[in-house]
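At position 28 of the sequence shown (counting the first as 1) the number is 221 in our numbering, and the numbers step up by one without a gap.
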Amino acid sequence: MNGKSEHKLKHIPQHLAIIMDGNGRWAKKRGYIRSMGHKNGVDALRNIATYSAEIGIKYLTVYAFSTENWNRPKSEVKALMTLLVSSLKKELETLTKNDIRLTAIGDISLLPAKCRRELLEVMELTKRNQRMTLSLALSYSSRVEMVHCMKKIGQILLDGQIKISDIDEALVENNLFTFGMPDPDLLIRTGGEKRVSNYLLWQIAYCELYFSDKLWPEFEKEDLFRALQDFNRRERRFGKTSEQLQEENTP
Ligand code: IPE
Ligand code: IPE
Ligand code: MG
194 MNGKSEHKLK HIPQHLAIIM DGNGRWAKKR GYIRSMGHKN GVDALRNIAT YSAEIGIKYL
254 TVYAFSTENW NRPKSEVKAL MTLLVSSLKK ELETLTKNDI RLTAIGDISL LPAKCRRELL
314 EVMELTKRNQ RMTLSLALSY SSRVEMVHCM KKIGQILLDG QIKISDIDEA LVENNLFTFG
374 MPDPDLLIRT GGEKRVSNYL LWQIAYCELY FSDKLWPEFE KEDLFRALQD FNRRERRFGK
434 TSEQLQEENT P
């Protein structure tokens, strides 16, 4: 399936968010250790990110490692961090070739120094790429993000730069890790679970949700295409009535 010539989708989400779940189960099913699942998950991400850029998605934000994932067995956390460093090195070429800018959301300061260095380097080297922004949610949890935001706003208030009445949605948004990004239009979770865990809780108001039973390493561009077809059948009403939307759309 070629992204440019074959897709016939009327609406392409500007921002697609994905919870890449199911790596461990994918490995277990095949008798491999869990880290093999994560390794194959990187291949799936490369394919999905490339396809997303081809079809015109501007922002792709993927849940790669949650704050809660730090509580996994030490050996798995270590394998994931090692994989992160090697993948960042390896994927720079794909990012550059596809004009993709890499960024990260989350508490990056908790990452091992080597990971952080590699991440910041790839972010710097891709910062002028224009076609799509790929954000890795790393050491990310939405609740931590909100607490972080509240502390920042509290400080601005204490410094006397704003009054209580100046606190509005825009100020909150400007102090989240996702500052400057539009809200996701579509959130896909693979792996069969029907929950959002701790992902982009502020940002997913009115986002369309799509759950796939496919495990992340086996999620292919055809699966993304199906999710996008489903997205195209949704009516996004943002609180209005269907009739109001129809009126708005008639010239
Ligand atoms: C998602 O896959 C990747 C990370 C959380 C790092 P999992 O590792 O959660 O895989 P399952 O859910 O156990 O199959
Ligand atoms: C969500 O997956 C986080 C990532 C995909 C990185 P988890 O496997 O950690 O989520 P829960 O615990 O099943 O909700
Ligand atoms: Mg999981």
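Even glycine gets a Cβ: it sits at the ideal position worked out from N, Cα and C.
The model shown is predicted, which means the values in this text are computed figures rather than measured ones.
Report yes if the C-beta of residue i is less than 7 Å from at least one heavy atom of ligand 3; otherwise report no.
| i | result |
| --- | --- |
| D214 | yes |
| G234 | no |
| G230 | no |
| G249 | no |
| G373 | no |
| G163 | This structure gives no information on residue 163, because the portion of the chain shown stretches from 194 to 444. |
Taking 7 Å as the line, does the beta carbon of residue i fall inside it for any heavy atom of ligand 1?
| i | result |
| --- | --- |
| L273 | yes |
| N442 | no |
| R227 | yes |
| F258 | yes |
| R310 | no |
| W409 | yes |
| G432 | no |
| G353 | no |
Under the three-state reduction of DSSP, which class applies to residue i: helix, strand or coil?
| i | result |
| --- | --- |
| F418 | helix |
| I248 | helix |
| T443 | coil |
| F424 | helix |
| H204 | coil |
| L209 | strand |
| S259 | strand |
| L253 | strand |
| L448 | Only positions 194 to 444 of the chain appear in this structure, which leaves residue 448 out of reach. |
| S198 | With a pLDDT of only 45 at S198, under the threshold of 50, the placement of this residue in the model should not be trusted, and no figure is reported. |
| L394 | coil |
| E317 | helix |
| E413 | coil |
| L351 | helix |
Is the closest heavy atom of ligand 2 to the C-beta of residue i under 7 Å?
| i | result |
| --- | --- |
| S390 | yes |
| E261 | yes |
| E386 | yes |
So, at 6 Å on beta carbons, what are the nonlocal neighbours of residue i in its own chain, with the 5 sequence-adjacent residues on each side left out?
| i | result |
| --- | --- |
| D376 | Q396 |
| Y252 | H208, T326, M374 |
| F404 | R382, K387 |
| E362 | none |
| N238 | Residue 238 is actually Leu in this sequence, not Asn. Once the five neighbours on either side are set aside, L238 has no close Cβ partner at all. |
| A272 | S228 |
| V337 | T260 |
Apart from the five residues on each side of it in sequence, which residues of its chain come closer than 8 Å, Cβ to Cβ, to residue i?
| i | result |
| --- | --- |
| C342 | V365, N368, L369 |
| I205 | I248, G249, I250, L421 |
| A398 | D376 |
| L276 | S228, H231, K232, V235 |
| S390 | I212, Y256, S259, E261 |
| N425 | L202, K203, H204 |
| M339 | L369, L394, W395 |
Which same chain residues end up closer than 7 Å to residue i when comparing Cβ atoms and leaving out the 5 residues on each side of it in sequence?
| i | result |
| --- | --- |
| L281 | E311, L312, V315 |
| L318 | L285 |
| I293 | A242, A246, T319, N322, R324, M325, L327 |
So does the region 258-265 actually touch the region 229-249, counting three or more Cβ pairs closer than 8 Å? By the criterion of at least three beta-carbon pairs nearer than 8 Å, the region 258-265 is not in contact with the region 229-249.
* Asked: Taking contact to mean at least 3 C-beta pairs separated by less than 8 Å, is the region 210-226 in contact with the region 400-418?
  -> The answer is yes - the region 400-418 touches the region 210-226, with three or more Cβ pairs under 8 Å.
*asked:* At 4 residues or longer, what runs of the alpha helix (DSSP H) sit wholly inside the region 355-388?
replied: Entirely contained in the region 355-388, the alpha helix (DSSP H) runs reaching 4 residues are, in chain order, 362-367.
field: Complete runs of the alpha helix (DSSP H) confined to the region 264-314 [at least 4 residues]
entry: Within the region 264-314, the runs of alpha helix (DSSP H) that reach at least 4 residues and sit entirely inside it are, in chain order, 267-290.
Next on the checklist: Any contact between the region 415-430 and the region 376-391? By contact I mean 3 or more CB pairs, one from each, below 8 Å.
Outcome noted: Yes: at least three Cβ pairs fall under 8 Å.
At 3 residues or longer, what runs of the beta strand (DSSP E) sit wholly inside the region 320-347?
Entirely contained in the region 320-347, the beta strand (DSSP E) runs reaching 3 residues are, in chain order, 325-333.
Discussion item. Would you call the region 289-299 in contact with the region 328-345, where contact means no fewer than 3 C-beta pairs closer than 8 Å?
Written reply: In this structure the region 289-299 touches the region 328-345; the number of beta carbon pairs closer than 8 Å is three or more.
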